[in-house]
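Structure first, then comments.
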Amino acid sequence: MQSRQAIIANAQGIHCRPSAVIVKEFTDYSGAVRITNGIGSCDVSSVMQLLSLEMHQGDRVTVEVTGANEAAAADRLVELLQTRFDFPPREVP
0 MQSRQAIIAN AQGIHCRPSA VIVKEFTDYS GAVRITNGIG SCDVSSVMQL
50 LSLEMHQGDR VTVEVTGANE AAAADRLVEL LQTRFDFPPR EVP
């Protein structure tokens, strides 16, 4: 098992769009990937589970990964959590 600490960097926290990026990144990962904070713990298989952790900018979380290439997977999840996501604005019809 690999364990890492991450600090949420996105100004809006980990909301729906960053959560979707995280879930998509680990969809085909065969091991277990979990995030834990002061609110609770969840795996990264569901946007709703990630949202339930209410991760805000500056929050510290723990990442735990088991399985093949677990060190690389843990590093990638930390990288995503510490990204300042800059999504293009949605066009209003």
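Per numbering that gives the first Met the number 0, residue 0 is the first one in the sequence shown, and the count goes up by one each step. We put the beta carbon where it would ideally sit given N, CA and C, even for glycine. Quick caveat, the model's predicted, so the values are computed rather than measured.
Annotation: the continuous alpha helix (DSSP H) that includes Asp74 extends over 69-80. Across the set Ala19, Asn36, Gly37, Ala72, the C-alpha of Ala19 shows the shortest separation from the C-alpha of Ser45. By the 16-neighbour rule on beta-carbons within 10 angstroms, Ala10 is exposed. Listed in chain order, the non-local C-beta contacts of Glu69 below 8 Å within the same chain comprise Met0, Gln1, Gly30, local neighbours out to five positions each way being set aside. Beyond the five residues adjoining it in sequence on each side, Glu78 comes within less than 6 Å, by CB distance, of no other residue in the same chain. A buried status is given to Met54, since no fewer than 16 other beta-carbon atoms sit within 10 Å of its beta-carbon.
Per DSSP, Arg16 is one residue of the alpha helix (DSSP H) stretching across 15-24. Comparing alpha-carbon positions, the option among Arg16, Ile6, Phe25 lying closest to Ala67 turns out to be Phe25. As DSSP reads the structure, Asp42 sits in a beta bridge with Arg33.
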